[in-house]
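Under our numbering, the first residue of the sequence shown carries the number 10, and numbering increases by one thereafter. C-beta: ideal position from N, C-alpha, C; glycine also. Here is the structure we will look at.
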Amino acid sequence: MHNIADLVERTTQFIDEQVVPVEREVVVDGRVMDDALRLELQKLAREAGVFGPLSDPRYGGLGLNTAEQAQVLEAAGASLLGPLSLNAWAPDDGNIHLLAHVANEEQQRRYLAPLAAGEVRSAIAMTEPAPGAGSDPGMLRTYARETDGGWVIDGAKHFCTGAQGAAFVICVANTDDGATMFLVDADNPGFRVGRRMPTMDYTSAPGGHCEVFFEECEVPDSAVLGAVGQGLPLAQVRLAPSRLVFAMNWLGLAVRGHHLALRHINSRTSFGAPIAEHGMAQALVADSEMDIVAARGVIRTAAETIDAHGPTASQSRHEASIAKTFVSEAVWRVLDRAVQLHGGLGVCEDHLVARFLIEARAFRIYEGPSEVLRTSIARRALRAHR
Numbered sequence: 010m011h012n013i014a015d016l017v018e019r020t021t022q023f024i025d026e027q028v029v030p031v032e033r034e035v036v037v038d039g040r041v042m043d044d045a046l047r048l049e050l051q052k053l054a055r056e057a058g059v060f061g062p063l064s065d066p067r068y069g070g071l072g073l074n075t076a077e078q079a080q081v082l083e084a085a086g087a088s089l090l091g092p093l094s095l096n097a098w099a100p101d102d103g104n105i106h107l108l109a110h111v112a113n114e115e116q117q118r119r120y121l122a123p124l125a126a127g128e129v130r131s132a133i134a135m136t137e138p139a140p141g142a143g144s145d146p147g148m149l150r151t152y153a154r155e156t157d158g159g160w161v162i163d164g165a166k167h168f169c170t171g172a173q174g175a176a177f178v179i180c181v182a183n184t185d186d187g188a189t190m191f192l193v194d195a196d197n198p199g200f201r202v203g204r205r206m207p208t209m210d211y212t213s214a215p216g217g218h219c220e221v222f223f224e225e226c227e228v229p230d231s232a233v234l235g236a237v238g239q240g241l242p243l244a245q246v247r248l249a250p251s252r253l254v255f256a257m258n259w260l261g262l263a264v265r266g267h268h269l270a271l272r273h274i275n276s277r278t279s280f281g282a283p284i285a286e287h288g289m290a291q292a293l294v295a296d297s298e299m300d301i302v303a304a305r306g307v308i309r310t311a312a313e314t315i316d317a318h319g320p321t322a323s324q325s326r327h328e329a330s331i332a333k334t335f336v337s338e339a340v341w342r343v344l345d346r347a348v349q350l351h352g353g354l355g356v357c358e359d360h361l362v363a364r365f366l367i368e369a370r371a372f373r374i375y376e377g378p379s380e381v382l383r384t385s386i387a388r389r390a391l392r393a394h395r
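Spelled out as C-alpha cells, the structure:
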C-alpha cells in the first residue's frame with residue numbers, strides 16, 4: 010500500500026525542483042524536447058521515488074490503481090514535461106495499459122518490459138488521412154493480408170504521436186476477419202516514418218505527431234496483438250484509461266495556470282487597487298475554482314468506476330467519456346481565464362500561460378473529439394431508458 014498523500018507531496022516537490030526549471034528551457038528558450046532530456050528527467054524521477062505511476066512494480070513502477078493515479082498525475086501535470094518525466098504521457102500511457110492486459114508472455118517481455126521501464130518509447134498507428142479512419146474506426150483502410158506464417162501490411166497513417174524515435178508501433182489494420190492490432194518494430198522492413206506534422210502542440214512530446222507508412226510491411230504471426238479480428242474491441246481496453254490519464258494530467262496544468270493567475274492579480278495594481286479586489290476578476294477566479302473542483306469530481310468518479318468494474322465495462326467507458334469531455338473543456342476555460350487575468354502579459358510566453366493554453370487546445374480532439382464523445386454519452390443514456 011502507498012501513502013498517497015506522501016507520494017503526491019514528493020511528486021509536487023520533484024516537479025517544482027527538477028522539472029519546472031527545465032520546462033522553461035523548452036517552452037521559452039527553445040531547447041529541443043528529445044529522448045536525451047526525457048531519459049535525464051526519468052532518471053531523476055526514479056531517484057525521487059516517483060517514477061512509473063502507471064507501471065507494475067516488476068518494471069520499476071509504483072503499481073497504483075486508477076484512483077491513486079488521479080492524485081499523483083494531477084501533481085505531475087503541473088508542468089508540461091511532468092507526466093513525461095514520470096513515464097505517464099501519451100501514447101506510452103495507453104500502450105503500457107494495453108500491453109499489460111492483452112499481450113502474451115513473450116510480447117510482454119519484448120515490448121511491455123522496456124516500455125514500462127522507460128527504456129524505449131512507442132507509438133500507435135490508428136488515424137489515417139482522408140478518406141481513411143479518424144473518429145470513425147469503420148473507415149479503416151490500412152489492410153493486412155495473410156501469408157504463410159505471417160502478414161503483409163499496406164497503408165498510410167498520420168497523427169502517429171511519438172513515431173520519430175519510437176522502438177515499435179502498434180498498427181491497427183483491417184484483415185478479412187476484421188480490424189487487428191499488430192506490433193511492428195521500428196526497423197521492420199516496409200515500415201517508414203514520414204514527416205513530422207507541424208502541429209500547434211509541440212513542446213511536450215518527443216517524436217512529434219508523424220505520418221507513417223506501411224509498404225509491403227511483412228510481420229510474423231507473433232506480431233498479432235490479442236486475436237485476429239479483435240482490434241476494435243481490444244482498443245476499448247486502452248481507451249477509457251488513456252482518456253482518464255489525459256484528464257488527470259491536463260487538470261494539473263490548469264491548476265498551475267490558475268495559481269499563476271492568482272499570484273499575478275494579487276501583485277498587480279490597476280485603478281487604485283490590486284486587480285484581485287476588482288469584481289470582474291473575482292468572477293473569473295470563482296468560475297475557475299468551480300471548474301477545477303468539478304473536474305476533480307468527474308475524474309474521481311470515473312477512476313473509481315474503472316477500478317471497480319474494469320476498463321471495458323460499459324459504465325467505465327461512459328464515465329471516462331464524460332470525464333474526458335468535461336475536463337478537456339474545463340481545462341480550456343481555466344487556462345483561457347488565466348491568460349485573461351494576466352492581461353497583456355498573458356499572451357507573452359515569459360509567463361507560460363499562453364503556451365499552456367495553446368498546448369491544451371488539442372486535448373479536446375485527441376482520444377476522441379468532444380462532439381463524438383457527446384454522441385456516445387447520449388446514446389448510452391438513451392439506451393438505459395428504452
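Test item: CB-CB of residue i and residue j under 8 Å
| i | j | result |
| --- | --- | --- |
| D44 | G174 | yes |
| V340 | A369 | yes |
| L82 | P92 | yes |
| A87 | R265 | yes |
| E338 | R388 | no |
| N197 | C219 | no |
| A132 | L121 | no |
| E289 | L234 | Correcting the residue identity first, residue 289 is Met in this sequence and not Glu. Contact flag unset, no. |
| L73 | H11 | yes |
| G240 | G187 | yes |
| H267 | A347 | yes |
Identified DSSP bridge partners for residue i
| i | result |
| --- | --- |
| H327 | Bridge partners of H327: none, in fact. |
| M190 | V181 and L234 |
| R309 | According to DSSP, R309 bridges with nothing at all. |
| D38 | The partner list for D38 (beta bridge, DSSP) is empty, contrary to what the question assumes. |
| D163 | Y152 |
| S131 | F177 |
Straight-line Cα distance separating residue j from residue i
| i | j | result |
| --- | --- | --- |
| G171 | P215 | 6 Å |
| V31 | L89 | 10 Å |
| A249 | A256 | 11 Å |
| Q27 | N104 | 26 Å |
| V400 | A295 | For the chain, the structure presents residues 10 to 395; residue 400 sits outside this window and is missing. |
| E137 | F365 | 27 Å |
| L382 | F280 | 45 Å |
| D38 | C169 | 26 Å |
| R205 | A139 | 18 Å |
The ligand SAH heavy atom lying under 7 Å from the CB of residue i
| i | result |
| --- | --- |
| F168 | In terms of ligand content, the structure shown is empty, and the ligand SAH therefore cannot be addressed. |
As assigned by DSSP and simplified to three states, the class of residue i
| i | result |
| --- | --- |
| Y375 | coil |
| T136 | coil |
| P92 | helix |
| G288 | helix |
| F280 | coil |
| H394 | coil |
| G353 | helix |
| F60 | coil |
| T212 | coil |
Any C-beta of chain C under 8 Å from that of residue i
| i | result |
| --- | --- |
| L71 | This model lacks chain C altogether, as it is built from one protein chain only. |
Are the stretch 78-98 and the stretch 153-161 in contact at 8 Å, needing three or more beta carbon pairs?
-> In short, these stretches do not touch, since the Cβ pair count stays below three.
Could you tell me whether the stretch 295-311 touches the stretch 324-335, where touching means 3 or more Cβ pairs closer than 8 Å?
-> Output reads yes: the stretch 324-335 touches the stretch 295-311.
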